[in-house]
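Taking numbering that gives the first Met the number 0, the leading residue of the sequence shown gets 0, the next gets one more, and so forth.
Here the structure is laid out as structure tokens; the discussion comes afterwards.
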Amino acid sequence: MGHAGASCWFLVAAVLGLGCSAVYPELTTQVREVPPGYRFEPPPPADILYIEFAKATIPERTRDGRAWDSVGGSLPDAVAKLIVNKKELIVTPVHSNTLTPTWPNQKRGNYRIPLNADVRVELWDSNPINNHPICFERIRALHEQASTEGPLEVTCDSGATVALLVEPARGRIGTGLFYEIRSDAVFVTRVLSESPASRASLARGDQIVRIVGEPVRGMDEKRIRSLMNAHTSTGLKLTVRAKTGTEREVELRDGPLYPTLDEAVR
């Protein structure tokens, strides 16, 4: 076999080798909704807020008397934005041809926003050629206005109004631990930033060696998943080996989770 042929065979072998690499599904301990009367302890951190655009009202015409939308109808195709420290944190889908948008398909969830951040609300009439501004308003002391008693109303110079739900972070119940089962091994893949697993200092790459005293080595997947889910309400005892090789005992118990939208908790 010539040099060129050997090179080609090496490339084919490399590609086939990559194609056979194992992929392990990410698993998690159970996440539950909050029952009535549940007390969150610890409470949500001050810099995580639940935010969604509740609604807006838009004048029938622009300040100079023109129709908002010259394409597809005379009513605006509204897009709302929340700008934090000059970066877009939330951008709603377009709600077309309406003076009272509610953006039913927007993503809703918790967002981490630094205390004393510069926060601005923007409202636009989306247009294929040139977007038209409807509202630019700064929100001062956003965190101090977080409340479950009703939306935060923003009044714009244009006469438009925007209502946002701004609340302390909405919580769920669980451990916040994600893991994958490999051959005779279990590894932590990620940990929610505000969760019992995080408060126990678990980290990506930690190896779970024993579950409630039983060695993971030789344990089948069904048994692992059963043990991981069966003890979180009473105390899930784990022996964890860090990347340094150091082992320690950890006990996880269901408690408040405050996942941000980008942490993708189902």
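Just so it is clear, CB atoms sit at the ideal spot from N, CA and C, and this is done for glycine as well.
Beta carbon of residue 166 nearer than 7 angstroms to that of residue 140
The residue labelled residue 166 in the question sits at position 167 within the sequence shown. The residue labelled residue 140 in the question sits at position 141 within the sequence shown. Contact flag unset, no.
Ends of the alpha helix (DSSP H) at residue 272?
Residue 272 lies beyond the range of the chain shown here (0 to 265); nothing can be said about it.
Residue 167, enclosing beta strand (DSSP E) - first and last residue
Counting from 1 along the sequence shown, the entry for residue 167 is found at position 168. Where residue 167 is concerned, the enclosing beta strand (DSSP E) stretches over 160-167.
For residue 94, list the residues DSSP reports as bridge partners.
Here the question's residue 94 lines up with position 95 in the sequence shown. BP columns for residue 94 point to 77.
Using the C-alpha atoms, what's the distance from residue 51 back to residue 147?
Here residue 147 is taken as the residue at index 148 of the sequence shown, counted from 1. Here residue 51 is taken as the residue at index 52 of the sequence shown, counted from 1. Each residue's Cα considered, the two are about 12 angstroms apart.
For residue 250, does the count of other Cβ atoms within 10 angstroms reach 16, so buried, or fall short, so exposed?
The residue you call residue 250 lines up with position 251 of the sequence shown. Classification for residue 250: exposed.
Using the DSSP secondary-structure output, state which residues sit across from residue 27 in a beta bridge.
Residue 27 sits at position 28 when you count from the first residue of the sequence shown. Paired residues: 177.
When we look at the beta-carbon of residue 65 and count the other beta-carbons within 10 Å, is it buried (16 or more) or exposed?
By one-based count along the sequence shown, residue 65 stands at place 66. Classification for residue 65: exposed.
Give every residue of the same chain whose Cβ lies closer than 6 angstroms to the Cβ of residue 101, excluding the five residues on either side of it in the sequence, and list them in chain order.
Residue numbering aside, residue 101 sits at position 102 when the sequence shown is read from its first letter. Closer than 6 angstroms at the Cβ level, and outside the excluded window around residue 101, lie 54.
Measure the Cβ-Cβ separation of residue 190 and residue 197 and say whether it is below 7 angstroms.
As a working note, residue 190 is residue 191 in the sequence shown. As a working note, residue 197 is residue 198 in the sequence shown. Yes, the pair counts as a contact, with Cβ atoms nearer than the cut-off.
Can you look up residue 144 in the DSSP assignment and give me helix, strand or coil?
Position 145 of the sequence shown, counted from the start, is the residue given in the question as residue 144. Helix, per DSSP.
Proximity to residue 43 [Cα-Cα], best of 258, 265, 262 and 264
The residue labelled residue 43 in the question sits at position 44 within the sequence shown. Closest option to residue 43, Cα to Cα, is 258.
Within the continuous beta strand (DSSP E) that includes residue 119, where are the two ends?
Position 120 of the sequence shown, counted from the start, is the residue given in the question as residue 119. Counting along the chain, the beta strand (DSSP E) containing residue 119 begins and ends at 118-124.
Between the beta-carbon of residue 30 and the beta-carbon of residue 216, is there less than 7 angstroms?
The count along the sequence shown starts at 1 and reaches residue 30 at position 31. The count along the sequence shown starts at 1 and reaches residue 216 at position 217. No, these two residues do not count as a Cβ contact at 7 angstroms.
Who does residue 186 pair with in a DSSP beta bridge?
As a first step, residue 186 is located in the sequence shown; it is residue number 187 there, counting from the start. For residue 186, which the question treats as bridged, DSSP gives the partners 179 and 206.
On the criterion of 16 or more Cβ atoms from any shown chain inside 10 Å, does residue 56 qualify as buried, or is it exposed?
Residue 56 sits at position 57 when you count from the first residue of the sequence shown. The residue in question, residue 56, is exposed, as its Cβ has fewer than 16 Cβ neighbours within 10 Å.
Just list the residues that DSSP pairs residue 52 with in beta bridges.
Taking the first residue of the sequence shown as position 1, residue 52 is located at position 53. Its beta-bridge partners are 163.
Given a cut-off of 7 angstroms on the beta-carbon distance, is the pair residue 120 and residue 136 in contact?
In the sequence shown, residue 120 corresponds to position 121, counting from 1. In the sequence shown, residue 136 corresponds to position 137, counting from 1. Yes, Cβ-Cβ distance for residue 120 and residue 136 is below 7 angstroms.
Is DSSP giving residue 193 helix, strand or coil here?
Taking the sequence shown and counting its residues from 1, one reaches residue 193 at position 194. Here residue 193 sits in coil by DSSP.
Roughly how many whole angstroms lie between the Cα atoms of residue 178 and residue 60?
The count along the sequence shown starts at 1 and reaches residue 178 at position 179. The count along the sequence shown starts at 1 and reaches residue 60 at position 61. Taking the straight line from one Cα to the other gives about 54 angstroms.
At what residues does the beta strand (DSSP E) containing residue 134 begin and finish?
Numbered from 1 along the sequence shown, position 135 holds the residue referred to as residue 134. Segment 131-138, the beta strand (DSSP E) holding residue 134.
Report back the beta-carbon spacing between residue 45 and residue 114 to the nearest angstrom; my notes put them in contact at under 8 angstroms.
Locating residue 45 in the sequence shown gives position 46, counting from the first residue. Locating residue 114 in the sequence shown gives position 115, counting from the first residue. At roughly 6 angstroms, the Cβ-Cβ gap stays under 8 angstroms, so residue 45 and residue 114 are in contact.
Suppose contacts are defined by Cβ-Cβ distances below 7 angstroms. Is residue 239 in contact with residue 207 by that definition?
Within the sequence shown, residue 239 is the residue found at index 240, counting from 1. Within the sequence shown, residue 207 is the residue found at index 208, counting from 1. Yes, Cβ-Cβ distance for residue 239 and residue 207 is below 7 angstroms.
Across which residues does DSSP place residue 213 in a beta bridge pair?
Taking the first residue of the sequence shown as position 1, residue 213 is located at position 214. For residue 213, which the question treats as bridged, DSSP gives the partners 210.
Does the distance from the C-beta atom of residue 253 to that of residue 231 stay below 7 angstroms?
Residue numbering aside, residue 253 sits at position 254 when the sequence shown is read from its first letter. Residue numbering aside, residue 231 sits at position 232 when the sequence shown is read from its first letter. In this structure, residue 231 lies closer than 7 angstroms to residue 253 by Cβ.
What's the gap between the Cα of residue 241 and the Cα of residue 185?
Position 242 of the sequence shown, counting from 1, holds the residue named residue 241. Position 186 of the sequence shown, counting from 1, holds the residue named residue 185. Their backbone Cα atoms lie some 12 angstroms apart in a straight line.
Range covered by the beta strand (DSSP E) that runs through residue 255:
Taking the first residue of the sequence shown as 1, we reach residue 255 at position 256. That run of the beta strand (DSSP E) goes 254-256.
Could you tell me whether the Cβ atoms of residue 158 and residue 58 are closer together than 7 angstroms?
As a working note, residue 158 is residue 159 in the sequence shown. As a working note, residue 58 is residue 59 in the sequence shown. A contact, by the Cβ cut-off of 7 angstroms.
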